[in-house]
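Scroll down for the structure; my scribbles are underneath it.
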Amino acid sequence: MNNSQVPPSIRVRTSTTYPVGERDSQFWQIATEVPVALIYNGKPHAVMMATPQDLVDFSIGFSLSEEVVTSHAAIEEIYIEHDAEGFRIFISIDENQIGPGYTQTRTIAGRTSCGLCGLAELKDAVRVSANQVVAVDIPDPAIITKSLHAFSDAQAMHQTNRSVHGAAFCSMDGEILLIREDIGRHNALDKLLGALSSSGLSRNGYLVMSSRCSFELVKKSIVFGLSGLVTISAPTSLALDIAKKANMFLACQQGPNSVTFF
C-alpha cells in the first residue's frame, strides 16, 4: 500500500479576525486523523487514531513497544487495507514468539492523546518491561541543545500543518538519525521505533520528542533499551520512577539554550 493514497494533511480555507476588526482569508493545512485497526493473525487487537503515514513503521513499533511480540523476527507479514472507514493493518506473527501484550486487546479506540486507552485492567496499564537500559554517560547539555535546535527544522510535517508531534532518534553526539511524525505523540514514537528496528542502526542514542514526558513514552523507550528521552516539559512522577529503575535519563528543554536533567 502506498502512503500517498491519503495525504498527511488537507488544505482548507480559514478566516482570521484581528483586534482592529480586519479580517484575513488564507489556506491552512489541517493534519489528517483516521482510525487505524491493528489485527494480529486475524484477531482484532486495537484501533488507534493516527496520521496515515509510515504505517508499516507504526505497526512494527507498536508490536514491539507494546510487547505483542518478543522480537522483530516474529513479524512475518504486514498487509494494509484502506477504505472509507479507515485503515486496517493485518499483521501475521509467529505465535511461538508472542509477548505479554498479545492478550491485552483494547475495548475502545485509542485516542490520539492516549496511549493506554481501552485497557481493561489496571495492572495492564502499569506493566513495565523488565529490561534495564545499559548505563551510558549522559550527553553534555550543549549536545542535547544542538539536537533540539535541529529537531525543530527536521519536522517537515509539523512545519506544514503545525499540529503533529515529532519523535527523533539521535546519536550520542546530537545528530538526528531518524524522525517520524503523527497527530498522537505515542504514535509518533511507535513509528520511530519501528523505523529504528528496521534500520539496523545501533541503539546507542537518545530520543527527542515534541511532547510532555508521560509514562507510556518512557515505557515504550525502555522496551527498546534506549538510554534517554528529551521532551519539551518535565516528566510525570510515574515516568520518572520507572526511568530511574531502568537507568534511563530524562531531560526537558528549559528555554532555547538550557536543559534540565531529572
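At position 84 of the sequence shown the residue is numbered 133 (our numbering), and the sequence of numbers has no breaks. The beta-carbon is built from N, C-alpha and C at its ideal position, and this holds for glycine as well.
Quick check on this structure: which residue in Gly150, Ile124, Met97 has the alpha carbon closest to the alpha carbon of Glu134?
Met97
Leaving out five residues before and five after Lys195 in sequence, what residues of the same chain have Cβ atoms less than 7 Å from its Cβ?
Gly223
So what's Phe311 in DSSP terms, helix, strand or just coil?
coil
Just the Cα atoms here: how many angstroms apart are Met258 and Val308?
14 Å
Using DSSP bridges, identify the partner residues of Arg137.
Ala86, Glu130
At what residues does the alpha helix (DSSP H) containing Ile192 begin and finish?
Taken as a continuous stretch (DSSP letters only), the alpha helix (DSSP H) holding Ile192 covers 190–203.
Ser120 beta carbon near the ligand ATP (any heavy atom closer than 7 Å):
The ligand content of the structure shown is nil, which means the ligand ATP is not present either.
Can you list, in chain order, the residues of its chain whose CB lies under 6 Å from that of Phe139, leaving out five sequence neighbours each side?
Ile88, Tyr128, listed in sequence order.
Using a 10 Å radius around the Cβ and a threshold of 16 neighbouring Cβ atoms, would you call Lys92 buried or exposed?
exposed
Test item: CB-CB of Met297 and Val267 under 8 Å
yes
Exposed unless 16 or more other CB atoms sit within 10 angstroms - verdict on Lys294:
exposed
Pick helix, strand or coil for Gln303, following the three-state DSSP scheme.
coil
With DSSP as the reference, label Thr285 as helix, strand or coil.
For Thr285, the secondary structure class from DSSP, reduced to helix, strand or coil, is coil.
If you draw a straight line from the C-alpha of Glu126 to the C-alpha of Ser260, how long is it?
Their backbone Cα atoms lie some 31 Å apart in a straight line.
Does the Cβ of Asp103 have 16 or more other Cβ atoms within 10 Å, making it buried, or fewer, making it exposed?
By the neighbour-count rule (16 or more Cβ atoms within 10 Å), Asp103 is buried.
Within 10 angstroms of its Cβ, does Gly233 collect 16 or more other Cβ (buried), or is it exposed?
Under this definition Gly233 is a buried residue.
What did DSSP end up calling Phe273 once you bin it into helix, strand or coil?
DSSP places Phe273 in coil when its eight states are reduced to three.
Alpha carbon to alpha carbon, how far is Thr119 from Asp202? Give it in angstroms, no decimals.
Whole-angstrom Cα-Cα distance: 35 Å.
Can you have a look at Asn236 and say buried or exposed, based on whether 16 or more other CB atoms are within 10 angstroms of its CB?
buried
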